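What follows is a short report on a single structure.
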Amino acid sequence: MDPTLFGVKPEELAHEASFVTPCYLIVHPKGTLIWDVGQVPDQDIPDDGTEAVVQGILKAKRRLSTQLAALGYQPKDITFLAMSHYHIDHTANANSFAASTWIVQRAEYDAMFSDAKRDIRSPETYSELKAARRITLNNEDHDVFGDGTVIIKSAPGHTPGHQVLFLKLARFGPLLLAGDLYHLPEERTLDRVPTFDFDAAMTRQTRRKVDEFLQQTGAVMWIQHDPPTYARLKKAPQYYD
Ligand SMILES: [Zn+2]
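Here the sequence shown is numbered in this note's numbering, starting from 181 and rising by one per residue.
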């Protein structure tokens, strides 16, 4: 990625701006939630151990469904689907979860299905969600299982209805999956906003709110696209509890 897209000069970067795009499976006694669903659709990935498939700047080697199967799940078993936002690198396999209940902010839904031209959008990857069971939020937080352990939080700015995910893990403690509230840690330390955000002032306001929330809760924040963060974390089938 070109770091100047994110308001950061190459010489200001600690690492190269080469992103990873993880998906997260949340397992709760009352059901499951998948958070973000990949950047290359499974049907385009050979998944035979050969080279990764490349689509423009996006690349993937293993199907999401294969990785879920290794954990004992099929997409149709997943109770809830939520994506941080509608950009192409987060929605690739959304259609596979059309049997789940989709949790989305109204402003995001409207942007996703709007007839207006929108960049970084791939409507064919989520077209089947239109008929899915849906929980539509009005710029608000949502306690997914009703016990305060899995909370989707409204975090607009990057897109109109961007959201982040708060998890209260028994052993690990409080954790915030930041979606694309930040891509590079330097956006945070140098106070930079991506050039292509829907509303930069809104992003800054959301970031302030999230900082307050992190202080209140003592939560750790994971920047999803950040390679050094990804490198030090456990990956499936390992997990955090
Ligand atoms: Zn992204």
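Here a beta-carbon is modelled for each residue, glycine too, at the ideal position from N, C-alpha and C.
This structure is a prediction, so every number in the text was calculated from the model and none was measured.
For residue i, which of the options has the nearest alpha-carbon?
i: residue 340; options: 294, 347 and 252; result: 294
i: residue 225; options: 233, 365 and 393; result: 233
i: residue 282; options: 360, 363, 231 and 216; result: 216
i: residue 287; options: 311, 315 and 230; result: 315
i: residue 241; options: 323, 255, 219 and 250; result: 219
i: residue 198; options: 212, 239 and 229; result: 239
i: residue 192; options: 327, 371 and 412; result: 371
i: residue 257; options: 385, 243 and 205; result: 205
i: residue 212; options: 313, 203, 230 and 261; result: 261
i: residue 291; options: 378, 351 and 231; result: 378
i: residue 325; options: 209, 181, 190 and 189; result: 209
i: residue 369; options: 353, 388, 284 and 359; result: 388
i: residue 359; options: 393, 273, 406 and 384; result: 406
i: residue 399; options: 412, 353, 419 and 410; result: 353
i: residue 285; options: 235, 266 and 255; result: 266
i: residue 278; options: 310, 235 and 268; result: 310
i: residue 203; options: 189, 190, 235 and 245; result: 245
Roughly how many angstroms lie between the CA atoms of residue i and residue j, to the nearest whole one?
i: residue 185; j: residue 404; result: 17 Å
i: residue 346; j: residue 187; result: 26 Å
i: residue 375; j: residue 338; result: 10 Å
i: residue 201; j: residue 348; result: 22 Å
i: residue 237; j: residue 183; result: 14 Å
i: residue 361; j: residue 195; result: 19 Å
i: residue 422; j: residue 322; result: No information on residue 422 is available, as it lies outside the stretch 181 to 421 that the chain covers here.
i: residue 320; j: residue 331; result: 10 Å
i: residue 351; j: residue 307; result: 38 Å
i: residue 269; j: residue 364; result: 16 Å
i: residue 312; j: residue 274; result: 11 Å
i: residue 397; j: residue 391; result: 10 Å
i: residue 297; j: residue 421; result: 41 Å
i: residue 299; j: residue 419; result: 34 Å
i: residue 254; j: residue 414; result: 21 Å
Our contact map puts residue i next to residue j with C-beta atoms below 8 Å; I'd like the distance itself, whole angstroms only.
i: residue 302; j: residue 271; result: 6 Å
i: residue 344; j: residue 264; result: 7 Å
i: residue 227; j: residue 276; result: In fact, because the Cβ distance is near 14 Å, the residues do not count as touching under 8 Å.
i: residue 366; j: residue 373; result: The Cβ separation is near 12 Å, so there is no contact.
i: residue 280; j: residue 305; result: Actually they do not touch by this definition, with Cβ atoms about 15 Å apart.
i: residue 417; j: residue 251; result: 6 Å
i: residue 336; j: residue 382; result: 5 Å
i: residue 334; j: residue 317; result: 7 Å
List the endpoints of the continuous alpha helix (DSSP H) containing residue i.
i: residue 302; result: Looking at the DSSP string, residue 302 is not in any alpha helix (DSSP H), and its letter there is neither H nor E.
i: residue 245; result: 244-250
i: residue 412; result: 407-412
i: residue 369; result: 365-369
Just reading off the beta strand (DSSP E) that residue i is part of, what are its end residues?
i: residue 255; result: Run containing residue 255: none; DSSP gives neither H nor E here.
i: residue 281; result: 281-285
i: residue 260; result: 260-262
Who are residue i's beta bridge partners in DSSP?
i: residue 401; result: 356
i: residue 323; result: 331
i: residue 204; result: 215
i: residue 267; result: 301
i: residue 344; result: 333
i: residue 233; result: 240
i: residue 315; result: 283
i: residue 394; result: Bridge partners of residue 394: none, in fact.
i: residue 361; result: According to DSSP, residue 361 bridges with nothing at all.
i: residue 349; result: 353
Check your reading: residues with Cβ closer than 6 Å to ligand 3 heavy atoms: Summarising the ligand content, the structure contains ligand 1 and does not contain ligand 3.
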